[in-house]
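Protein chains in written order, with the working numbering: chain H, 438 to 556; chain D, 80 to 296. Note that the Cβ used here is the ideal one computed from N, Cα and C, for glycine as well. Single-structure report; data block below.
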Amino acid sequence: MRVLLVDDEAELVSTLAERLSFRGIEADWVTTGEEALKQVEEQRYAVGVLDVKIPRISGLALKKRLEEKCPEMKFIFLTGHGSEEDFLIGSAEAGADYYLIKPVDLNLLIEKLNEITKK
Amino acid sequence: MTDQWETIAREGFQFFGKMSASISHEIKNALAIINESAGLLEDFSLLADKGRPIDPERLKGLAQSVLKQVQRADGLVKKMNRFAHSADDAIRIFDVGEALDLVISLVQRLYAMREARVELVLPDHPVMAVTNLFLLENIIWLCLEFLLTENHKVVKLIPETTGEGVRISLVGQFGFPDDPGRVFPSEIEKALLEALKAELRMEPQAGKMILSLQKNI
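The following block contains the structure:
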């Protein structure tokens with residue numbers, strides 16, 4: 438499985454990508470929506486793990502743009518923002534396959550990655 | 080409570096909530112990085128148990144990352160604390176430059192998301208004001224929200240001492256908000272201005288908004 442991590446906090450996504458790679462999940466990371474859109478033109482990804490708030494484009498808008506390019510891609514949203522309830526509603530409206538609140542629980546992320554790619 | 084103070088209180092809660100949410104979002108990011116760094120250290124130790132040597136440079140880098148994020152979170156908590164205490168007194172004497180700097184640092188991330196920024200231009204001498212600090216922070220934020228639009232993303236804040244009190248100029252290349260139907264100042268801003276006994280002069284052609292505070296209120 439190959440996943441694309443998108444968050445403007447480079448230290449977060451680079452470390453998360455390395456930890457996922459130790460567990461047999463290939464992960465690339467970018468810090469902007471523009472880079473994410475460019476990246477999917479070069480590489481296919483099973484899942485995009487997107488921060489809800491990144492500069493210039495919201496995670497929700499980025500998901501729509503990525504979906505246009507890669508209709509088979511699944512999405513997990515990350516956030517450090519708002520209440521869990523608000524985020525759940527927002528993610529459901531945006532059609533996310535799953536959502537996670539920061540700090541990320543790695544085992545839960547892997548469990549959900551496996552779950553949604555088997556759907 | 081009068082209608083004016085009800086309006087101010089309602090707006091104050093919203094302002095406080097927005098700023099708190101922005102700060103808590105940043106603290107969460109710092110915690111998330113610390114969490115991943117600790118997790119990676121744990122991964123390295125598990126790999127070391129299996130005979131894979133640990134690169135000391137990686138350990139040093141992770142330790143530095145954790146320290147950096149702890150400092151970041153500590154700075155954010157201090158800012159939040161300063162902001163929370165700005166609502167302590169109805170009237171107080173304070174340094175306007177410091178107050179504006181705090182507002183800018185609170186909204187920095189929100190505006191970075193919109194690629195907008197606020198610059199503070201300070202004079203050589205401190206600009207001191209006697210008024211309600213929280214309400215001033217609130218009106219400054221509302222002015223910035225009006226000025227920073229999709230097309231105009233930079234605003235300069237310039238505080239000055241004048242014979243009558245304090246003048247804060249908000250200078251940008253603005254003039255036309257995203258929503259042309261938006262009224263500014265609205266009832267909320269008017270209520271805040273009245274409570275602060277302040278005046279707001281708009282100079283759209285010059286791209287300027289001038290907030291004047293009286294010496295004694």
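The C-beta of N217 (chain D) has 16 or more other C-beta atoms within 10 Å across all chains shown, which makes the residue buried. If you draw a straight line from the Cα of V262 (chain D) to the Cα of M281 (chain D), it comes to about 12 Å.
In this structure, D:R196 is the residue among D:L201, D:G130, D:R196, D:V206 with its C-alpha nearest to the C-alpha of N230 (chain D). The beta carbon of L223 (chain D) sits no closer than 7 Å to any beta carbon of chain H. A Cβ-Cβ contact shorter than 7 Å links I113 (chain D) with Q148 (chain D).
DSSP links D488 (chain H) through a beta bridge to H:L515.
H104 (chain D) counts as buried, since no fewer than 16 other beta carbons sit within 10 angstroms of its beta carbon. Secondary-structure assignment with DSSP links F173 (chain D) through a beta bridge to D:A208. DSSP places M510 (chain H) outside both helix and strand once states are collapsed to three, so it counts as coil. Of the residues assessed, T81 (chain D) falls on the exposed side of the cut-off, its CB having fewer than 16 other CB atoms within 10 angstroms. Residue environment: T554 (chain H) is assigned as exposed (fewer than 16 neighbouring CB atoms within 10 Å of its CB, all protein chains considered).
Taken in chain order, the unbroken stretches of beta strand (DSSP E) that lie wholly in the stretch 150-196 of chain D and span 3 residues or more are 171-174. The bridge partners DSSP lists for A111 (chain D) come to none. Following the DSSP letters along the chain, one finds V234 (chain D) inside the beta strand (DSSP E) bounded by residues 233-240. Pairing A208 (chain D) with V245 (chain D) gives a Cβ-Cβ distance under 7 Å. Per the DSSP secondary-structure output, W466 (chain H) pairs in a beta bridge with H:L442.
Of all residues in the stretch 256-283 of chain D, none has a C-beta nearer than 8 Å to a C-beta of chain H. The CB of P492 (chain H) comes closer than 9 Å to the CB of A191, M192, R193, E194 in chain D, given here in chain order.
Here the C-alpha atom of I267 (chain D) lies approximately 11 Å from the C-alpha atom of L214 (chain D). Spatial neighbours of P205 (chain D) in its own chain (CB-CB distance under 7 Å, excluding positions within 5 residues in sequence) are listed in chain order as D174, G176. Annotated three-state conformation of V477 (chain H) is helix, per DSSP. In the displayed model, K129 (chain D) falls within coil according to three-state DSSP, outside both helix and strand.
Between L249 (chain D) and V233 (chain D), the C-beta spacing is not below 7 Å.
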